[in-house]
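Residue numbers (our numbering): 1397 to 1486.
Think of the CB as a built atom: it goes at the ideal place given N, C-alpha and C, for glycine as much as any other residue.
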Amino acid sequence: MRRIMAVIGSLGNKYDDAATGLKTYFSLKLGQGFVVIYPKVPRQNNSRDCGVFIIEFGEDLMKNEDGLPDWEKLGYGGSRARLMEMLASI
1397 MRRIMAVIGS
1407 LGNKYDDAAT
1417 GLKTYFSLKL
1427 GQGFVVIYPK
1437 VPRQNNSRDC
1447 GVFIIEFGED
1457 LMKNEDGLPD
1467 WEKLGYGGSR
1477 ARLMEMLASI
């Protein structure tokens, strides 16, 4: 069975060391044969929207049961405003 670890990061490949460490850990615990992929995902243009992107990525992953979503086709504009509006209505 081929094991794939998808590194999904809105800051690009800034955290390659963390991905390498996770790959090593999982290989030791579960055996060899991991492939690391970096899907194209929307990038944040500031240093404060990490949480917003995590929520958006998580929502998209849960909606797509067949694998990774095509993030290039999904729009991420206005996510912060949408989330703030949703929280204010609770």
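Asked: Secondary structure of ARG1399, DSSP reduced to three states; Found: strand
Asked: CB-CB length for PRO1438 against ILE1404, believed under 8 Å; Found: Contact flag wrong, Cβ pair sits at about 10 Å.
Asked: Top-ranked residue by Cα proximity to ASP1445, from LYS1419, GLY1417, LEU1407; Found: LEU1407
Asked: Inter-residue spacing [alpha-carbon to alpha-carbon] between SER1417 and PRO1465; Found: The sequence given here places Gly at residue 1417; Ser does not occur at that position. Those two C-alpha atoms are separated by around 25 Å.
Asked: Boundaries (first-last residue) of the alpha helix (DSSP H) holding VAL1448; Found: 1446-1459
Asked: Element boundaries [alpha helix (DSSP H), containing ASP1412]; Found: 1412-1426
Asked: Best match in GLY1429, LEU1424, LYS1425 for proximity to ILE1400 [C-alpha to C-alpha]; Found: GLY1429
Asked: MET1482 versus GLY1447: straight-line alpha-carbon distance, rounded; Found: 15 Å
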